[in-house]
Structure formats: structure tokens, C-alpha cells
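Numbering (this note's numbering), first residue to last: 59 to 281. For every residue, glycine included, the Cβ atom is placed at its ideal position computed from N, Cα and C. Keep in mind it's a predicted model, so treat the numbers as computed, not measured. The structure under discussion appears below in the form of C-alpha cells.
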């Protein structure tokens, strides 16, 4: 939403014309479409409001970006331009997420607590089937952590089915199972929870694949 000048505001109409024009031009260049939100700008400048719709259709204002020509004037702020002249800066106020608690709440509702791998607080749990696999499980967990993954280790003396149920309930996206054979062959059985399908991969290949899948989308796009 594009929120323009309120009835009570600081600055002249000429300053507001400049601020609103600059923000609209930035939206045009960036290809951002918006709806007008008349009179809802801040007292010092127009703003963009980024509205997210939650899982049950409610709209929430989250991020904001505000253009401020007024405060730099009041602060008598200046900078030295390339030609040596002194210029008045334009101040940008931004809150990328808005209320952090609100943003996290929307994310949890949207995913029902089951975050994608790149966003999950615990991305992989390495779980043993037998005690003899504990040393290799620790080694596998260390290799995954070194690759940048958030990893938990489950060495409990419980049946693997119990561990699977527990980690499904905890919304963990990937369970890496290690038994006697996996320890001998230096491999991991990867299971994408809550599904039942699984695949066995050598440790190095499993680490590389999970690290790639856990890369945030913005980093993938930039690569």
C-alpha cells in the first residue's frame, strides 16, 4: 500500500510532492504495484506498507519503508558530494519485518509450524538405531554442522519408530537415520518428515545435498 500525506504533517506541500514523487518513481523502477492508502502516511513523509495475508485470510501490516525529507532539514544534516558541495540527505526509515513477533506468528500459521528446510530452526536430526552407531552419528552431525546446517543428535535408547514419531511431532523436516550398516558403509538414510519415503546416500553426498537444499531462496537467486 502507498500511504500518502496525512492532514496533520510537517513540511511544505512542495516537499511532500517531491517525497511522494520519488517514492512512486522508485516503485515504478522496481516494478512494484501498489494500492493507494490516502492520508495514512507518517507526519514526516509518505510510506510503503507491505501487507501479508495469513493462513485464514487476515491482512497484517508488516514491513514499512518511509521517505523523510523533513527530519534531515530539522537536524541540519549534510554530506559532502563528489564535487565538494554540501548537500541535504534524504532519510529512509525502514522496518523490514515490522513487528518481529507478528511476522513470526504469521510464518508459523502459514506453515502450520512445519517450516521448509531452509527456514527450520532444527533442520536435520541424526538418529541412531543401535548404540554401536553413535560414534558415526556424531561424526555425521559434525559434518552437517560444518556445512552450515542446524543439527540435533538423537542417541536415545528408543526404538527408531518412536524417534520418528517424536521428530514428526517436533516438525523436523529431515531425519538422518544411522544403523549398524550405515556406520559400516559411512552412509545416511534420509527421510523427509512427515513422509515415509527414504533414500540412502554416502555421507559426503548427503551433506552436499542437504546443504544445497537448505540454501535460502534469495541466495539461490543471487548465485
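Task: CA-to-CA distance, residue 235 to residue 187, given in whole angstroms - done: As a first step, residue 187 must be located in the chain shown, where it is residue number 129. As a first step, residue 235 must be located in the chain shown, where it is residue number 177. Roughly 7 Å separates the two Cα atoms.
Open item on the list: Whole angstroms are fine: how far does the CA of residue 203 sit from the CA of residue 88?
Closed with: By one-based count along the chain shown, residue 88 stands at place 30. By one-based count along the chain shown, residue 203 stands at place 145. Those two C-alpha atoms are separated by around 37 Å.
TODO: Could you check which residue in 71, 169, 139 and 119 has the C-alpha nearest to that of residue 153?
DONE: For the purposes of this step, residue 153 is taken as residue 95 along the chain shown, with counting starting at 1. Of 71, 169, 139 and 119, the residue nearest in Cα terms is 119.
Open item on the list: Using 8 Å for Cβ pairs, my map puts residue 35 next to residue 122. What's the rounded Cβ distance?
Closed with: Look at the range of the chain in this structure, 59 to 281, and you will see that residue 35 is not part of it.
- [ ] Would you mind listing the beta strand (DSSP E) stretches within the segment 129-198 that are 3+ residues and don't spill past its ends, in chain order?
- [x] 149-153 and 182-186
TODO: Please determine if the segment 246-255 and the segment 218-237 are in contact, where contact requires at least 3 C-beta pairs separated by less than 8 Å.
DONE: yes
- [ ] Just the C-alpha distance for residue 257 and residue 81, rounded to the nearest angstrom, thanks.
- [x] Here residue 257 refers to the residue found at position 199 when the chain shown is read from its first residue. Here residue 81 refers to the residue found at position 23 when the chain shown is read from its first residue. Residue 257 and residue 81: Cα-Cα distance of roughly 51 Å.
- [ ] Report yes or no: do the segment 177-191 and the segment 211-226 share at least 3 C-beta pairs separated by less than 8 Å?
- [x] yes
- [ ] List the residues that DSSP assigns as beta-bridge partners of residue 118.
- [x] Looking up residue 118 in the chain shown gives position 60. In DSSP, residue 118 forms a bridge with 110.
Task: Euclidean distance between Cα positions of residue 62 and residue 275 - done: Reading the chain shown from its first residue, position 4 is the one you call residue 62. Reading the chain shown from its first residue, position 217 is the one you call residue 275. Their Cα atoms are separated by approximately 32 Å.
Task: Burial state of residue 94 (16 or more Cβ within 10 Å) - done: Residue mapping note: residue 94 aligns to position 36 of the chain shown, counting from 1. Flag for residue 94 reads exposed.
TODO: Give the straight-line distance between the Cα atoms of residue 238 and residue 171, rounded to the nearest whole angstrom.
DONE: Position 180 of the chain shown, counted from the first residue, corresponds to residue 238. Position 113 of the chain shown, counted from the first residue, corresponds to residue 171. Straight-line Cα distance between these residues: approximately 33 Å.
- [ ] Would you kindly report the start and end of the unbroken alpha helix (DSSP H) that includes residue 230?
- [x] Taking the chain shown and counting its residues from 1, the one referred to as residue 230 is at position 172. Where residue 230 is concerned, there is no enclosing alpha helix (DSSP H), given that its DSSP letter is neither H nor E.
Open item on the list: Assuming contact is defined by CB atoms lying nearer than 7 Å, are residue 77 and residue 127 in contact in what I supplied?
Closed with: By 1-based counting over the chain shown, the position of residue 77 is 19. By 1-based counting over the chain shown, the position of residue 127 is 69. Yes. Within cutoff.
- [ ] Report yes or no: do three or more beta-carbon pairs, one from the segment 138-157 and one from the segment 186-201, lie closer than 8 Å?
- [x] no
Task: residue 300 versus residue 149: straight-line alpha-carbon distance, rounded - done: There is no way to answer for residue 300, as the model of the chain reaches only from 59 to 281.
Task: CA nearest to the CA of residue 115, picked from 168, 98, 75 and 254 - done: Counted from its first residue, the chain shown places residue 115 at position 57. It is 168.
Open item on the list: Under DSSP, the alpha helix (DSSP H) around residue 212 begins and ends at which residues?
Closed with: Here residue 212 refers to the residue found at position 154 when the chain shown is read from its first residue. Residue 212 -> not in any alpha helix (DSSP H); beta strand (DSSP E) instead, spanning 209-212.
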